[in-house]
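Written below as structure tokens is the structure these notes are about.
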Amino acid sequence: MTSVSPSPTPAGGAAVDALLDPGFLEGVESRSMGDVRGLRRRAEQEEVNLSYTRRLLQGRLDIVRRELQRRAEHDGRSLVDLLPEILSEKGRGPAHGLGRHQTVQPAAPEVYESWVHGLTPDVDLSDVAGLPDADLERAARALAAAEGSLSERRRGVQQVMDALAGELASRYRSGEADVAALLADEGRH
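All residue numbers for the sequence shown refer to the numbering used here, where the first residue is 1281 and numbers rise by one.
Below is the structure:
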């Protein structure tokens, strides 16, 4: 009998928990520009990490769901034959992301890959065609639940990023901060 992890560590773990803590933004208006930019970079890094993890998770979920559909429809094609179809389905609908320009890469991809793999520890998704329906259905439920939780946490991190960007923009508008100083500071890093 295979099992699925009932309560995985939340996506992003303690780093994202810290960003989502209501106290994270307390007093941000009294912090230095450098501190606020640093907080925003920290939030941006975690958002990129969550986004990467979500893409990994969605890829597995798409494959599992398509295999279940293939079986239900008695489709004689192999999953490998269906891969171009599976991969192109993401491009058919409207984009669901916020279209943020990413200036950083995932910090430790192997950590996020391991987290996604840990969602279905006893279900070898490298051989979905060989798995019983019950295992695939359990894996699909676990992956879908994790995707929902991850997406919620990612939206929370994006709200933190927006609040920090708003604070920075407010300072530039009010003249409290200078764009030339920012560019000079960024050039040193």
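We treat Cβ as the ideally placed atom computed from N, Cα and C, and that holds for glycine.
Given the structure is predicted, the values throughout are model-derived calculations rather than measurements.
Item, Value
"CB-CB length for G1352 against E1326, believed under 8 Å", "A small correction: the amino acid at residue 1352 is Ala; Gly does not occupy that position in the sequence shown. Actually they do not touch by this definition, with Cβ atoms about 38 Å apart."
"Between the CA atoms of R1451 and S1429 - distance to the nearest angstrom", "34 Å"
"Burial state of S1358 (16 or more Cβ within 10 Å)", "exposed"
"Under 7 Å between C-beta atoms of A1291 and V1437", "no"
"Through-space distance from G1293 to R1317, alpha-carbon basis", "22 Å"
"Under 7 Å between C-beta atoms of A1443 and L1305", "yes"
"V1236 to Q1385 span [Cα, whole Å]", "It is not possible to answer for residue 1236, since the shown part of the chain is limited to 1281 through 1469."
"Coil, strand or helix - Q1385 by DSSP", "coil"
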